[in-house]
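Below is one structure; the comments refer to it alone.
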DNA sequence: GCTAGTGCACTGGTCTGACCAGTAGGCTAC
DNA sequence: GTAGCCTACTGGTCAGACCAGTGCACTAGC
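Chains as they are written, first to last, in our numbering: chain C, 88 to 328; chain U, 88 to 328.
As structure tokens, this is what we get:
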């Protein structure tokens with residue numbers, strides 16, 4: 088005791104240093120989406136590492152959704168605009184290996200969508216209201232599950248954007264697609280669509296009236312109604328108050 | 088028109104095939120956490136690809152938090168239990184490059200924690216209540232920011248676990264740590280701790296009484312009070328009702 | 001007999017150098 | 001002036017090598 092306080096040395100792999108540097112450049116905005124990284128052979132000179140190391144670093148960056156590389160592209164890897172793809176991926180594996188139940192996922196959606204409606208009711212612009220109107224109209228006019236679903240997604244996305252919270256918007260989107268994936272094989276009865284449209288219209292009216300709590304409650308109720316056939320009884324009632 | 092419907096061929100990199108196979112094995116539970124992958128040299132035989140390809144695949148799997156490899160380990164890469172590390176990473180980059188404001192993050196926390204309290208009030212076990220009691224006691228006894236903060240985290244984690252929703256639990260945890268990272272440099276006044284403890288006790292009482300909506304409101308209020316000094320005025324009021 | 005120490009076989013990390021298929025853009029032949 | 005080719009690159013993959021670590025079996029010493 089009393090000697091100098093040595094700290095354990097963390098060995099850092101070379102490719103990790105490369106990842107770090109590129110990542111920081113992107114986060115600091117020195118590399119903007121659409122810009123190109125130097126070619127792998129150029130990078131190995133700049134970082135003075137071998138191409139294997141450069142490539143492993145690029146694989147990590149690609150897995151994190153920061154860059155993309157195409158074979159033969161003479162411009163080098165492209166810096167991507169942020170997409171929730173990485174978020175989506177990690178939530179999906181979470182859902183699979185951590186054995187998230189459908190009930191938990193739908194609960195989560197109810198929470199997020201409820202919040203989105205609550206905020207949207209107070210913060211919406213008239214342009215966003217128009218988008219929602221238009222999406223509902225497309226739901227009513229839809230002639231198949233595909234187009235109905237697309238309009239539905241657009242509607243929810245408009246609400247989420249109107250909430251003004253990008254995190255809520257992105258997470259809602261991710262969780263929704265995961266949930267839809269999980270029940271994709273089960274057929275949805277077309278008559279459900281009519282009820283779904285009615286639900287959307289009610290909630291939209293509440294948003295238009297600026298009644299956030301009502302809109303949120305209706306949204307949660309709609310989700311609960313829609314998913315209850317796939318869930319054990321009473322799995323969602325705690326969030327309906 | 089009328090000819091055979093050809094689909095565009097997506098060229099799939101070799102390392103992606105390797106990633107896929109390992110990923111599926113993990114998701115199907117054929118590879119359980121703690122088990123070992125064969126060594127890289129063994130994998131290159133099994134997949135009949137070169138070691139570079141195997142290594143690029145391993146880098147991707149590692150970036151996704153599925154495996155970890157240590158130099159010199161004679162057992163090969165280790166399959167990891169799921170950790171939200173990848174989720175954390177992608178949300179952090181989301182926060183940075185997508186320019187999420189602190190207000191948005193705190194809003195998100197309010198939504199998640201509110202839901203956690205709401206559910207916890209109805210679903211808690213007595214053991215979980217005891218944990219919360221014990222965490223509050225440790226907050227009161229804390230002699231520095233470190234120990235106070237650790238007890239605080241434990242309290243919130245107990246609530247989140249009591250909600251019965253792992254997704255809420257994990258996301259709360261991730262967002263909380265991101266938020267705390269963002270304001271880490273700003274000093275928090277010790278007198279805030281007393282108010283914070285009082286808030287926790289109020290909310291805990293509501294949880295114990297089974298009053299979910301009250302607990303949720305108190306939790307949101309507490310967050311709002313705590314973070315309002317760092318935020319523009321009125322940034323959170325929409326969620327307080 | 002048992003333990004402490006040594007050596008070995010193997011690991012992952014990195015490097016070098018090579019080949020291939022694909023792309024973009026300049027150049028040439030019409 | 002344009003259509004088509006050519007070339008100089010790119011990323012993807014492979015092969016083979018070296019190094020610093022690690023765990024385990026074996027051995028020398030007690």
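Each residue gets a CB set at the ideal place from its N, CA and C atoms; glycine is no exception. A quick note: this is a predicted structure, and the numbers were derived from the prediction, not measured.
Short CB-CB distance (under 9 Å) between residue i and chain U
i: residue 64 of chain C; result: Because chain C spans 88 through 328 in this model, residue 64 of chain C falls outside it and cannot be assessed.
i: residue 309 of chain C; result: no
i: residue 133 of chain C; result: no
i: residue 263 of chain C; result: no
i: residue 105 of chain C; result: no
i: residue 257 of chain C; result: yes
i: residue 317 of chain C; result: no
i: residue 314 of chain C; result: no
i: residue 108 of chain C; result: no
i: residue 253 of chain C; result: yes
i: residue 195 of chain C; result: yes
i: residue 295 of chain C; result: no
i: residue 88 of chain C; result: Note that residue 88 of chain C has pLDDT 49, beneath the 50 cutoff, so the model's placement of it is unreliable and the number below is only indicative. For residue 88 of chain C, the answer is no, since every Cβ of chain U falls outside 9 Å of its Cβ.
i: residue 395 of chain C; result: There is no way to answer for residue 395 of chain C, as the model of chain C reaches only from 88 to 328.
i: residue 199 of chain C; result: yes
i: residue 202 of chain C; result: yes
i: residue 159 of chain C; result: no
Alpha-carbon to alpha-carbon, residue j and residue i
i: residue 164 of chain U; j: residue 132 of chain U; result: 16 Å
i: residue 296 of chain U; j: residue 208 of chain U; result: 7 Å
i: residue 225 of chain U; j: residue 276 of chain U; result: 18 Å
i: residue 237 of chain U; j: residue 125 of chain C; result: 44 Å
i: residue 259 of chain U; j: residue 159 of chain C; result: 43 Å
i: residue 271 of chain U; j: residue 265 of chain U; result: 10 Å
i: residue 141 of chain U; j: residue 123 of chain U; result: 15 Å
i: residue 112 of chain C; j: residue 183 of chain U; result: 12 Å
i: residue 234 of chain U; j: residue 227 of chain U; result: 10 Å
i: residue 196 of chain C; j: residue 186 of chain U; result: 23 Å
i: residue 212 of chain U; j: residue 249 of chain U; result: 7 Å
i: residue 200 of chain C; j: residue 114 of chain C; result: 29 Å
i: residue 106 of chain U; j: residue 145 of chain U; result: 7 Å
i: residue 88 of chain C; j: residue 232 of chain U; result: Note that residue 88 of chain C scores 49 on pLDDT, short of 50, meaning its location in the model is unreliable; the coordinates nonetheless yield the value given after this. Going from the Cα of residue 88 of chain C to the Cα of residue 232 of chain U covers about 27 Å.
i: residue 302 of chain U; j: residue 288 of chain U; result: 10 Å
i: residue 293 of chain C; j: residue 299 of chain C; result: 7 Å
i: residue 268 of chain C; j: residue 229 of chain U; result: 46 Å
i: residue 143 of chain U; j: residue 104 of chain U; result: 11 Å
i: residue 244 of chain U; j: residue 134 of chain U; result: 42 Å
i: residue 291 of chain U; j: residue 255 of chain C; result: 26 Å
Proximity winner among the options, relative to residue i (alpha-carbon distances)
i: residue 168 of chain U; options: U/311, U/217 and U/151; result: U/151
i: residue 223 of chain C; options: C/247, C/240, C/136 and C/119; result: C/240
i: residue 304 of chain U; options: U/286, U/127 and U/116; result: U/286
i: residue 251 of chain C; options: C/215, C/221 and C/279; result: C/215
i: residue 282 of chain U; options: U/310, U/192 and U/154; result: U/310
i: residue 279 of chain U; options: U/255, U/293 and U/312; result: U/312
i: residue 242 of chain U; options: U/273, U/176 and U/204; result: U/204
i: residue 128 of chain C; options: C/98, C/97 and C/161; result: C/161
i: residue 181 of chain U; options: C/135, C/253 and C/284; result: C/253
i: residue 320 of chain U; options: U/306, U/189 and U/148; result: U/189
i: residue 99 of chain C; options: U/308, U/327, U/179 and U/156; result: U/156
i: residue 318 of chain U; options: U/192, U/109 and U/218; result: U/192
Continuous alpha helix (DSSP H) stretch holding residue i: start and end
i: residue 300 of chain C; result: 299-314
i: residue 270 of chain U; result: No alpha helix (DSSP H) holds residue 270 of chain U; DSSP gives it neither H nor E.
i: residue 282 of chain U; result: 278-295
i: residue 101 of chain C; result: 101-114
i: residue 136 of chain U; result: Unbroken run through residue 136 of chain U: none, as it is neither H nor E.
i: residue 243 of chain C; result: 232-249
i: residue 225 of chain U; result: 213-228
i: residue 177 of chain C; result: 172-184
i: residue 196 of chain U; result: 189-210
Short CB-CB distance (under 9 Å) between residue i and chain C
i: residue 304 of chain U; result: no
i: residue 325 of chain U; result: yes
i: residue 189 of chain U; result: no
i: residue 152 of chain U; result: yes
i: residue 102 of chain U; result: yes
i: residue 271 of chain U; result: no
i: residue 183 of chain U; result: yes
i: residue 113 of chain U; result: yes
i: residue 321 of chain U; result: no
Exercise. What residues in the region 206-237 of chain U have a beta carbon less than 8 Å from any beta carbon of chain C?
Worked result: From the region 206-237 of chain U, only 206, 209 and 210 have a Cβ closer than 8 Å to chain C.
Problem set entry | Members of the region 123-149 of chain U near chain C, C-beta cut-off 7 Å | Residues of the region 123-149 of chain U that bring their beta carbon within less than 7 Å of a beta carbon in chain C comprise 139, 142, 143, 146 and 147, in sequence order.
For this session: Please list the residues of the region 164-180 of chain U that have a C-beta atom closer than 8 Å to any C-beta atom in chain C, keeping them in chain order.
Result: 169, 171, 173, 174, 176, 177, 178 and 180
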